[in-house]
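Reading through the structure tokens given below for one structure.
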Amino acid sequence: MNRVATRTRTRAAKVATVGSLRFEQRGPGARRASQAKCRAIAKRPGKVEPVEGTSPATRAPGDELGHQEKISEQALRNLEVEVLSEGEGVKALGRFNDALEGLAGRKDWDRALEPVWAEMAYNLESFNPVFTACMLKVQCTIGSSDYVSRDACLQNLIQPLAGEYGLHERDPLGKTHRQLFSDWYTSVTRKPLSSILERSEGPDAELAPHAGRLLFAQMMRDVSTGGGRGDDPVEQASYALGYNLAVEYLADPEKTWLLESFRRLSEGLGWELEGRRLDWEFLEVHALGEKEHADIGHRAVALFVPSSHEAAVRQAMEDHDRDFAVYYNHLASVLE
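Residue numbers (this note's numbering): 8 to 343.
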């Protein structure tokens, strides 16, 4: 554990910030991804119960927020660095990737990875309802927020969600990210994704993704209630936008490190020498695309959130960073 902790600190220290965000982009596959795939946008769908607190607001016209000062660029950058770049989530990612690369020395690597595959498959799909809930919080400020700011904000938010389903501006309809994940899984394991799904679905399933289910429940609870910050629809939307930004921001190092770690694992286990034709597109798309999504999430906050709601954005980032760290620490413990 001491070795893992040391390597985790070293890995976390390599995270760099440039401009409003920036984690160091690593991995040879990222450089080879096509320009069309660079625009791919990230995350996941699922069936959820109706979101609480989503009725349109009915404020008096005098409460219009169009002329309120928006959160400053410097304040937003500071939050990204202080809460996310230096948070517990990045440390947990380092621990997990160290454990993942350590599988190269194990003969049972395929069995050890099974619960991780199950968690990742569920986690991938669970984010799309969260993105949708964030959008709904902004949409339901109708009558309470400035039309222009609201409209521009929503135009940004819809882009990553559309990309999940293969929709990209000026490009033919592509594969969904779920399809890309399935292709990647099959290329590594030589099995269809259904071989994992049928063992992970249901409350008593052998590979039930308990950590992913917990994270999903926490994300939906927090976004649906606006972090418990009261009844002001604009403040709840500000919280949701901060939460959306936290998800996109942490997804950048998440997918970049995952690509690098799986490439190292492939080399260590000699997968390609065994004749496995590995399909890296899922990871390559995300390793490049998540940085763009973080920029989009940043822009959505800057367009909409009043400066008086900076605390709501901070709380949202802290809430997701905390639960994201718990999820990846669990995955690390499965492999260690």
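No residue lacks a Cβ here, since even glycine has one placed at the ideal position from N, Cα and C. Owing to the predicted nature of the structure, the values given are computational and were not obtained by experimental measurement.
DSSP bridge partner residues for residue i (one or two, in chain order)
| i | result |
| --- | --- |
| K77 | P313 |
Three-state secondary structure (DSSP) of residue i
| i | result |
| --- | --- |
| H175 | coil |
| D229 | helix |
| D372 | Outside the shown range of the chain, which is 8 to 343, sits residue 372, and nothing can be said about it. |
| S268 | helix |
| P122 | helix |
| D117 | helix |
| L110 | helix |
| A332 | helix |
| R220 | helix |
| T183 | coil |
| K98 | helix |
| R236 | coil |
| K198 | coil |
| D259 | helix |
| E89 | helix |
| A215 | coil |
| S207 | coil |
| E274 | helix |
| E242 | helix |
Close beta carbons around residue i, own chain, < 6 Å, minus the five adjacent residues each side
| i | result |
| --- | --- |
| A339 | R102, F103 and A106 |
| K298 | D259 |
| A224 | none |
| R271 | E108 |
| G304 | N251, L252 and E255 |
| E288 | L187 |
| E343 | A106 |
| H337 | A218 |
Contact check, residue i vs residue j, beta carbons under 7 Å
| i | j | result |
| --- | --- | --- |
| G219 | Y129 | yes |
| A323 | Y246 | yes |
| H366 | E255 | Lying before the first or after the last residue shown, residue 366 is absent from the chain, which here runs from 8 to 343. |
| C147 | A307 | no |
| P210 | S151 | no |
| A140 | S231 | yes |
| L265 | P122 | no |
| S207 | P199 | no |
| V88 | E325 | no |
| E205 | H316 | no |
| L310 | S92 | no |
| L83 | E261 | no |
| L276 | A111 | yes |
| V97 | M226 | no |
| L222 | D153 | no |
Nonlocal neighbours in the same chain, by C-beta distance under 7 Å from residue i, ignoring five residues either side
| i | result |
| --- | --- |
| L285 | S194, V195, S273, W278 and E279 |
| Y172 | T183 |
| V312 | K77, I78, S245, L248 and V320 |
| A212 | R206 |
8 Å CB neighbourhood of residue i in its chain, flanking five on each side removed
| i | result |
| --- | --- |
| R197 | R283 |
In chain order, each alpha helix (DSSP H) run of at least 4 residues that lies wholly inside the stretch 128-177 = 154-170
* Asked: Which runs of the alpha helix (DSSP H), 4 residues or longer, sit entirely within the stretch 276-330?
  -> 288-311
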